[in-house]
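Asker: Take this structure first; my questions come after.
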DNA sequence: TCAAAGTCTTGCTATAGAGCAAAACTTTCT
DNA sequence: AGAAAGTTTTGCTCTATAGCAAGACTTTGA
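Protein chains in written order, with our numbering: chain W, 1 to 196; chain Z, 1 to 196.
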């Protein structure tokens with residue numbers, strides 16, 4: 001079942017190249033820190049309350065990061081597609097229990113790196129330090145944008161914005177989850193889609 | 001006018017101590033990179049559309065970071081009080097025009113460091129690298145928390161949350177701005193305050 | 001110290017969007 | 001292939017909150 005895609009390591013290599021170029025030899029040294037794993041659709045990489053001990057690089061498929069609040073409502077804040085790193089950074093940084101779940105939305109192939117290994121590489125390998133800084137910066141910029149976009153926009157404007165910014169989300173993710181990403185109800189989203 | 005508070009440098013030194021301890025001599029080397037400046041209440045440190053070229057360390061007073069959207073509505077996302085760094089990180093990182101304004105809410109004394117100087121120190125001085133990483137991490141964690149707190153919480157819950165998490169905001173910041181921080185109208189906020 | 005500007009409160013009205021329930025449609029599994 | 005499970009759509013109702021306007025209160029500065 002679930003054969004691991006060829007070219008997996010090339011994807012990771014390309015990711016590095018774009019941010020912190022790395023020699024073939026250096027990359028070979030890094031490889032053993034990552035292990036390929038597969039998660040079936042809907043399975044969980046991490047559950048609310050657990051400690052987040054790994055980062056994941058998406059090779060194929062997608063997963064989402066979401067939170068369930070006290071009223072039982074799901075709030076999704078991120079969809080990770082191919083060639084993106086994703087994890088619960090907060091739990092990893094603070095070593096605190098995760099308030100978020102990571103769940104495969106599509107059948108998911110990832111490269112996993114343990115938190116301890118990762119932070120060790122951050123301290124010892126300049127390229128990884130740079131990668132980490134880049135991840136933090138992007139995570140920050142993305143969530144910043146999200147705050148402004150969620151606040152003070154009507155439901156319809158949010159949908160239009162999503163269509164422009166992240167069309168992948170609309171094409172690959174079930175509506176119910178898209179709604180929980182936009183912070184609107186599935187009913188409203190359904191109605192709005194007919195108005196463009 | 002506006003005499004600069006004594007102990008200013010101690011505040012910065014203390015900030016470093018907590019995150020990346022630094023020797024007296026090293027700190028002396030760093031000092032010239034920071035310049036004290038004063039902003040009267042309501043004056044702007046940065047306006048939407050400009051490039052963000054500095055970081056600010058608050059010595060006394062407070063400033064806010066906010067955005068004006070197309071419908072003219074103000075959205076505040078951060079209040080910086082004493083002993084916090086604040087800036088438009090996104091504009092600084094990307095070198096892109098700021099979509100945010102920085103404005104003194106109270107009479108404001110800051111230590112200012114130029115972007116170029118700062119990033120140079122990040123690359124050359126390990127302690128500053130660590131400070132930057134810490135700033136990024138905290139900025140990220142804070143905005144993460146904010147996303148969940150804004151989404152799917154009623155106006156009353158938001159107010160209660162603010163009271164718990166950031167009582168300083170309620171005691172030092174005018175209601176109109178608090179409302180723009182919580183993403184609710186000033187009218188609703190006013191009504192809600194009477195219900196506790 | 002008092003007028004002017006700014007801020008906060010409160011009554012009223014209007015509305016976007018929530019949420020239930022049932023029907024239509026789609027996917028999954030055996 | 002067909003039953004069961006899951007998802008999306010749609011009608012209907014209800015509520016939280018926006019936003020105006022007018023009055024009370026507070027701050028500012030000459």
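C-beta: ideal position from N, C-alpha, C; glycine also.
If you measure between the beta carbons of residue 42(W) and residue 104(W), is that distance less than 8 Å?
Answerer: yes
Asker: If we call anything under 8 Å between Cβ atoms a contact, is residue 111(Z) one with residue 65(Z)?
Answerer: no
Asker: Using three-state DSSP, classify residue 66(W) as helix, strand or coil.
Answerer: Strand at residue 66(W).
Asker: Please state the DSSP three-state secondary structure of residue 142(W).
Answerer: helix
Asker: For the region 100 to 130 of chain Z, which residues have a CB atom closer than 7 Å to at least one CB atom of chain W, in sequence order?
Answerer: none
Asker: Are the CB atoms of residue 20(Z) and residue 130(Z) within a distance shorter than 8 Å?
Answerer: With respect to the 8 Å criterion, residue 130(Z) and residue 20(Z) are classified as neighbours on the basis of their beta carbons.
Asker: Rounding to the nearest angstrom, what Cα-Cα distance links residue 3(W) and residue 60(W) in this structure?
Answerer: 11 Å
Asker: Should the region 173 to 190 of chain Z be regarded as contacting the region 168 to 183 of chain W, the criterion being three or more beta carbon pairs within less than 8 Å?
Answerer: no
Asker: In or out: residue 164(Z) buried (at least 16 other Cβ within 10 Å) or exposed?
Answerer: exposed
Asker: I'd like to check one pair, residue 196(Z) with residue 189(Z): are the Cβ atoms closer than 8 Å?
Answerer: no
Asker: Taking only beta-carbon atoms, is residue 204(Z) less than 8 Å away from chain W?
Answerer: Since the displayed chain Z opens at 1 and closes at 196, residue 204(Z) lies outside it and no answer follows.
Asker: Taking the alpha carbon of residue 108(W) as the reference point, which residue from 47(W), 132(W), 125(W) and 38(W) has its own alpha carbon closest?
Answerer: Ranking the options by Cα distance to residue 108(W), first place goes to 38(W).
Asker: Quick check: is the beta carbon of residue 19(Z) nearer than 8 Å to any beta carbon in chain W?
Answerer: Residue 19(Z) has a beta carbon lying at 8 Å or more from every beta carbon in chain W.
Asker: Can you pull the chain W residues whose beta carbon is under 7 Å from the beta carbon of residue 68(Z), in chain order?
Answerer: Listed along chain W, no residue sits closer than 7 Å to residue 68(Z) by beta-carbon distance, the nearest being about 10 Å off.
Asker: In whole angstroms, give me the CA-to-CA distance for residue 35(Z) and residue 113(Z).
Answerer: When rounded, the distance between both Cα atoms is 7 Å.
Asker: I want to check one thing, is the minimum distance from the CB of residue 147(W) to the heavy atoms of the ligand ADP below 7 Å?
Answerer: Looking for the ligand ADP in the displayed structure turns up nothing, as the structure carries no ligands at all.
Asker: Along the chain, where does the beta strand (DSSP E) containing residue 76(W) start, and where does it finish?
Answerer: 74 to 80
Asker: Secondary structure at residue 36(W), three-state DSSP: helix, strand or coil?
Answerer: strand
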